[in-house]
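The block underneath contains the structure these notes are about, expressed in structure tokens.
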Amino acid sequence: MFNELDPQKGSLLISEPFMLDPRFLRSVILLCDHNSEGSLGFVLNNKTNVQIGQLLEPIPTCTFPIYLGGPVAQESLFFVHSRFDLLLSGEEVAPNLYFGGDEEKLINAIQQHQIKTDEIKFFIGYSGWSSGQLDKEINENSWAVQNKYRHHIIFEGNGDLLWKDAIIGLGPKYAHVANFPQSPELN
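In the working numbering, the protein residues as written are 177 to 363.
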């Protein structure tokens, strides 16, 4: 079995190496909510070519990247951060990791250069699962769950490198999976 842990708010979901759904191929997802009604998370390693200054008028020169958080509500902007001390808002997802917050305080912190790219991550859209759907996918070995990880992994990295780091973080039993080719038939 690819997974041994139950998901919870703050877990990382790491896609199995040969995920069939191209939207989640080699994805690492931060779960910001997981309960009996469903789950919500953001793909951490699918960076777009859009920067936050292109979307938020008050900060046109801000170059913080935007990530595609998932296929749901792609017309909406979301963020996670580690600066509750500045924003005084956000729902705690894990120790020193928050989902959302006061947009006015966020814009002010960006304008004052008080927040850095390794303290915040922006997303267009989110990944969502209905009641029981995520548990079913985990039981089908589509996802591995990681509940203990270095929190800076949330704000750094992109693409395959972040996925490989997350797989290796699962421990020696999984480390070899990080080297699986994306398309085994091409080997």
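Virtual Cβ for every residue (Gly too), placed ideally from N, Cα, C.
Residue i - partner residues in DSSP beta bridges
i	result
Y302	V248
L320	In the sequence as displayed, the identity of residue 320 is Ala instead of Leu. A320 pairs with I190.
P241	Q227
L346	None; L346 has no bridge partner.
K297	V256
N211	G214
L206	L188 and F218
Y274	H257 and E268
Proximity below 9 Å, CB of residue i to CB of residue j
i	j	result
Y325	A249	no
I283	L232	yes
F240	Q227	yes
L310	K281	no
I235	I314	no
N272	H327	yes
N317	L181	no
W319	P193	no
G304	G214	yes
Of the listed residues the options, nearest to residue i (C-alpha basis)
i	options	result
Y243	N221, G229 and P236	N221
N334	S212, D182, K223 and H328	K223
I329	N225, T293, S252 and H210	T293
D197	H210, P247 and E251	P247
F331	I291, T237, G214 and G308	I291
E268	K185, F356, A354 and N355	K185
T237	H289, G304, W305 and F356	H289
R199	G245, Y350, S252 and H210	G245
Q. Where are the alpha helix (DSSP H) runs, 4 residues long or more, that stay fully inside the region 244-270, in chain order?
A. 260-263
Q) Are there three or more Cβ pairs, one per stretch, closer than 8 Å when the region 334-345 is compared with the region 201-215? A) yes
Q: Tell me, please, whether the region 285-298 touches the region 250-260 by the rule of three or more beta-carbon pairs shorter than 8 Å.
A: yes
(Q) If contact is defined by three or more beta carbon pairs under 8 Å, each pair taking one atom from either stretch, is the region 273-293 in contact with the region 342-357? (A) no
Q: For the region 179-190 and the region 205-222, state whether three or more C-beta atom pairs, one from each stretch, are separated by less than 8 Å.
A: yes
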